[in-house]
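Enquirer: So for the sequence shown, this note's numbering puts the first residue at 228; every next one is plus one.
Don't be surprised by glycine CBs; every beta carbon is placed ideally from N, CA and C.
As the structure is a computational prediction, the values presented were derived from the model and not from experiment.
The structure's right below; bear with me while I get my questions together.
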Amino acid sequence: MLDFMEYCLRRYYYSINWREDQYSTLLTDSRRLLDFAVPHGFSITLGKTISPVLKGTYTLGIPNIRSVGFLFTSAPLDLPPMHLKDEGGLTPSCVDDLKVYGKAGINCSIPVVPSTHEAIKSSDTGNYLVYGRLFEDLRLEALYSKSLSRNTLIVASGVNSWKPRAPNSSSSVNTQLLYSSLSYSSELSYSSDDHVIGLSGLYRFSGSNWSAGSEVYYTAKERSGGLSLGARYKNPSKHDAPAEPKTVLTFLANPMMGHVSASYATTIRKNLTMATRYDFNVYSYEADLVLGVEYAPPEKEQLVKARVSLSEGLALKLEGQYKRALFSIGLMTQFVHNPRRSIGIELQIS
């Protein structure tokens, strides 16, 4: 279920025709099915369009979830009514996983699909977005995004706390310089957490469903670096062949850390999607197998999600919609002697 500000961010990227398919988004399709967030406690969010360029939101919840946020865009932003099933299925492209912290904050790993490739070329430059959210413990979450050219975008995000002894008092700043074209995309990033500098690139092979890329990074705090390699095969279903399954196969490896990961996501039938992922470390021999499914009942504004993990346990989530109200009910438990359990309900009205 999209948070209201999360939805505004998605519509903003769509309005500027920003097509993003970065190296860091190779696992987006499987992560949506295998790493979905489960509500904790109870929260209600009210979202409102104050003006064409200004949106606001207020969140109240138990325990200790209170925040107020605003989002401003340089150009009027149209917000059609949200539809729950728009988030179903495998995504053809996605937005980078921008690191913004905080409960009910923006999760920028949201799929954004421009209408055509030609629309990308005609996108205006100079558009920008400013977002801020203040929490009850005086943590401030912020994000700034600006289009430098038709193919270049800069994003700065972070969180700051004025209570040094608060549980979530860490402050950080993250910046990304993103470039995207029809055949190649790259990202230069910096994170104040451990002062990490990274450079990644993803190449999409012409006339093929394959993409491959790599990332190099350096951690100034530990004076060490790393390398990551990845590949993805995506077979989207054709409009004239709806029975053909949509399939995404990805492989990711970090040679220095000894970690390898392989995931597979596919549409079993029109309203049923599944994914599986296997993680293994060649040095410690630690492994994890995850299986997840998502079912969208026909003619109903509902989504049912479930996942089973050898290390994280079982998670179930039901999402529904009634007019302009969205709700989410979830529970999670682990397969250990003293399992960590959680259950929660989220309600959003916009």
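How about Leu-537 and Leu-553: do their beta carbons lie closer than 8 angstroms?
Expert: Residue mapping note: residue 537 aligns to position 310 of the sequence shown, counting from 1. Residue mapping note: residue 553 aligns to position 326 of the sequence shown, counting from 1. Cβ distance not < 8 angstroms, so Leu-537 and Leu-553 don't count as in contact.
Enquirer: Could you check if Val-322 is buried or exposed, using at least 16 other CB atoms within 10 Å of its CB as the buried criterion?
Expert: In the sequence shown, residue 322 corresponds to position 95, counting from 1. With a pLDDT of only 34 at Val-322, under the threshold of 50, the placement of this residue in the model should not be trusted; the figure read from the coordinates follows. Counting Cβ neighbours within 10 Å, Val-322 comes out buried, since at least 16 surround it.
Enquirer: Quick one: give me the first and last residue of the beta strand (DSSP E) that Thr-252 is part of.
Expert: Taking the first residue of the sequence shown as position 1, residue 252 is located at position 25. Here Thr-252 belongs to no beta strand (DSSP E), and DSSP marks it neither H nor E.
Enquirer: Quick check on DSSP: helix, strand or coil for Phe-263?
Expert: On the sequence shown, position 36 is the one that residue 263 refers to. In the structure shown, Phe-263 sits in coil (DSSP, three-state: anything other than H, G, I, E or B).
Enquirer: Would DSSP call Met-228 helix, strand or coil?
Expert: Taking the sequence shown and counting its residues from 1, one reaches residue 228 at position 1. Coil.
Enquirer: So, with DSSP's three-state summary, where would you put Tyr-239?
Expert: Sequence index remark: in the sequence shown, residue 239 carries index 12 (1-based). Tyr-239 falls in the helix class under three-state DSSP.
Enquirer: Would you call the CB atoms of Gln-249 and Leu-405 closer than 8 angstroms?
Expert: Numbered from 1 along the sequence shown, position 22 holds the residue referred to as residue 249. Numbered from 1 along the sequence shown, position 178 holds the residue referred to as residue 405. Cβ distance < 8 angstroms, so Gln-249 and Leu-405 count as in contact.
Enquirer: By Cβ distance, which residues of its chain are closer than 8 angstroms to Pro-303, with the 5 residues on each side in sequence left out?
Expert: Within the sequence shown, numbered from 1, the residue matching residue 303 stands at position 76. When the five nearest sequence neighbours on each side are left out, the beta carbons in the same chain lying within less than 8 angstroms of the beta carbon of Pro-303 are those of Pro-279, Val-280, in order along the chain.
Enquirer: Within 10 Å of its beta-carbon, does Leu-380 have 16 or more other beta-carbons around it, so buried, or fewer, so exposed?
Expert: Counting from one through the sequence shown, the residue named residue 380 turns up at place 153. It is buried - the Cβ of Leu-380 has at least 16 other Cβ atoms within 10 Å.
Enquirer: Is Phe-299 near the ligand NAP, with its Cβ less than 7 angstroms from a heavy atom?
Expert: Ligands are entirely absent from the displayed structure, and the ligand NAP is therefore not among its contents.
Enquirer: Is Ile-572 closer than 8 angstroms to Phe-269 when the C-beta atoms are compared?
Expert: Numbered from its first residue, the sequence shown carries residue 269 at position 42. Numbered from its first residue, the sequence shown carries residue 572 at position 345. Yes.
Enquirer: Could you tell me how far apart the beta carbons of Gln-575 and Gly-274 are, in whole angstroms, since I believe they sit closer than 8 angstroms?
Expert: The residue you call residue 575 lines up with position 348 of the sequence shown. The residue you call residue 274 lines up with position 47 of the sequence shown. So it is a contact: roughly 7 angstroms between Cβ atoms.
Enquirer: Can you tell which of Ser-418, Asp-256, Lys-527, Gly-485 has the C-alpha that lies nearest to the C-alpha of Ser-398?
Expert: Against the sequence shown, residue 398 aligns to sequence position 171. If we check each option's Cα against that of Ser-398, Ser-418 comes out closest.
Enquirer: Terminal residues of the continuous beta strand (DSSP E) containing Phe-562?
Expert: Within the sequence shown, residue 562 is the residue found at index 335, counting from 1. First-last for Phe-562: undefined, no H or E at that position.
Enquirer: Could you compute how far the alpha carbon of Gly-519 sits from the alpha carbon of Ser-433?
Expert: Within the sequence shown, residue 519 is the residue found at index 292, counting from 1. Within the sequence shown, residue 433 is the residue found at index 206, counting from 1. Distance between the alpha carbons of Gly-519 and Ser-433 is about 31 angstroms.
Enquirer: What are the start and end residues of the beta strand (DSSP E) that includes Asp-515?
Expert: The residue labelled residue 515 in the question sits at position 288 within the sequence shown. It spans 514-522 - the beta strand (DSSP E) in which Asp-515 sits, taken as one unbroken run.
Enquirer: Touching or not, the segment 286-297 and the segment 484-503, by the rule of three or more beta carbon pairs under 8 angstroms?
Expert: Contact between the segment 286-297 and the segment 484-503 is absent: fewer than 3 CB-CB pairs across the two stretches fall below 8 angstroms.
Enquirer: Classify Ser-511 as helix, strand or coil using the three-state DSSP reduction.
Expert: One-based indexing of the sequence shown puts residue 511 at position 284. Reduced to three states, the DSSP call for Ser-511 is coil.
Enquirer: Let me make sure I understand the geometry here. Which of Gly-557, Gly-540, Leu-365, Glu-521 has the alpha-carbon closest to that of Asn-565?
Expert: The residue you call residue 565 lines up with position 338 of the sequence shown. Here the closest residue by C-alpha is Gly-540.
Enquirer: For Ile-277 and Tyr-240, what's the separation of their Cα atoms in angstroms?
Expert: Counting from 1 along the sequence shown, the entry for residue 277 is found at position 50. Counting from 1 along the sequence shown, the entry for residue 240 is found at position 13. Rounded to the nearest whole angstrom, the CA to CA distance from Ile-277 to Tyr-240 is 20 angstroms.
Enquirer: In the DSSP assignment, what are the bridge partners of Tyr-358?
Expert: Looking up residue 358 in the sequence shown gives position 131. Per DSSP, Leu-298, Leu-370.
Enquirer: Let me check understanding here. Comparing Cα to Cα, which of Ser-455, Leu-254, Val-265, Arg-238 lies closest to His-310?
Expert: Against the sequence shown, residue 310 aligns to sequence position 83. The closest CA to that of His-310, considering only Ser-455, Leu-254, Val-265, Arg-238, is found on Arg-238.
Enquirer: Tell me the DSSP secondary structure of Ser-419 in three-state form.
Expert: Here residue 419 refers to the residue found at position 192 of the sequence shown. For Ser-419, the secondary structure class from DSSP, reduced to helix, strand or coil, is coil.
Enquirer: With a threshold of 16 other CB atoms inside 10 Å of the CB of Ala-224, please say whether the residue is buried or exposed.
Expert: Residue 224 cannot be examined here, being either before or after the span of the chain that is shown, 228 to 577.
Enquirer: In chain order, what residues of the same chain have a beta carbon less than 6 angstroms from the beta carbon of His-486, not counting five sequence neighbours either side?
Expert: The residue given as residue 486 occupies position 259 in the sequence shown. Cβ within range, chain order: Asn-508.
Enquirer: Are Thr-500 and Glu-521 close, meaning C-beta to C-beta below 8 angstroms?
Expert: On the sequence shown, position 273 is the one that residue 500 refers to. On the sequence shown, position 294 is the one that residue 521 refers to. Contact: yes.
Enquirer: Residue range of the beta strand (DSSP E) that Arg-450 falls in?
Expert: On the sequence shown, position 223 is the one that residue 450 refers to. Premise fails: Arg-450 is in no beta strand (DSSP E) and is neither H nor E.
Enquirer: Is it buried or exposed for Leu-409, if we count other Cβ within 10 angstroms and need 16 for buried?
Expert: Reading the sequence shown from its first residue, position 182 is the one you call residue 409. Result: exposed.
Enquirer: How many Å lie between Gly-283 and Phe-297 at the Cα?
Expert: Numbered from 1 along the sequence shown, position 56 holds the residue referred to as residue 283. Numbered from 1 along the sequence shown, position 70 holds the residue referred to as residue 297. When rounded, the distance between both Cα atoms is 4 angstroms.
Enquirer: Could you spell out where the beta strand (DSSP E) holding Glu-528 opens and where it closes?
Expert: On the sequence shown, position 301 is the one that residue 528 refers to. It is not in any beta strand (DSSP E) - Glu-528 carries neither H nor E in the DSSP assignment.
Enquirer: Thinking C-alpha only, which one of Arg-534, Ser-412, Arg-258 is nearest Asn-378?
Expert: As a working mapping, residue 378 is identified with position 151 in the sequence shown. Minimum Cα distance to Asn-378 is reached at Ser-412.
Enquirer: I need the boundaries of the beta strand (DSSP E) containing Val-386, first residue and last residue.
Expert: Taking the first residue of the sequence shown as position 1, residue 386 is located at position 159. Segment 379-388, the beta strand (DSSP E) holding Val-386.
Enquirer: If you follow the beta strand (DSSP E) that His-486 is in, where does it begin and where does it stop?
Expert: The sequence position of residue 486 within the sequence shown is 259, counting from 1. Per DSSP, His-486 belongs to the beta strand (DSSP E) from 486-496.
Enquirer: Which residues in the same chain as Met-483 place their Cβ atom closer than 7 angstroms to its Cβ, once the five residues preceding and following it in sequence are excluded?
Expert: For the purposes of this step, residue 483 is taken as residue 256 along the sequence shown, with counting starting at 1. Closer than 7 angstroms at Cβ, skipping near neighbours: Gly-453, Leu-454.
Enquirer: To which residues does DSSP link Asp-305 through a beta bridge?
Expert: Here residue 305 corresponds to residue number 78 of the sequence shown, with the count starting at 1. According to DSSP, which records beta bridges pairwise, Asp-305 is partnered with nothing at all.
Enquirer: Roughly how far, in whole angstroms, is the beta-carbon of Gln-403 from the beta-carbon of Val-382, given that I think they are within contact range, below 8 angstroms?
Expert: Numbered from its first residue, the sequence shown carries residue 403 at position 176. Numbered from its first residue, the sequence shown carries residue 382 at position 155. With a Cβ gap of about 5 angstroms, Gln-403 and Val-382 count as contacting.
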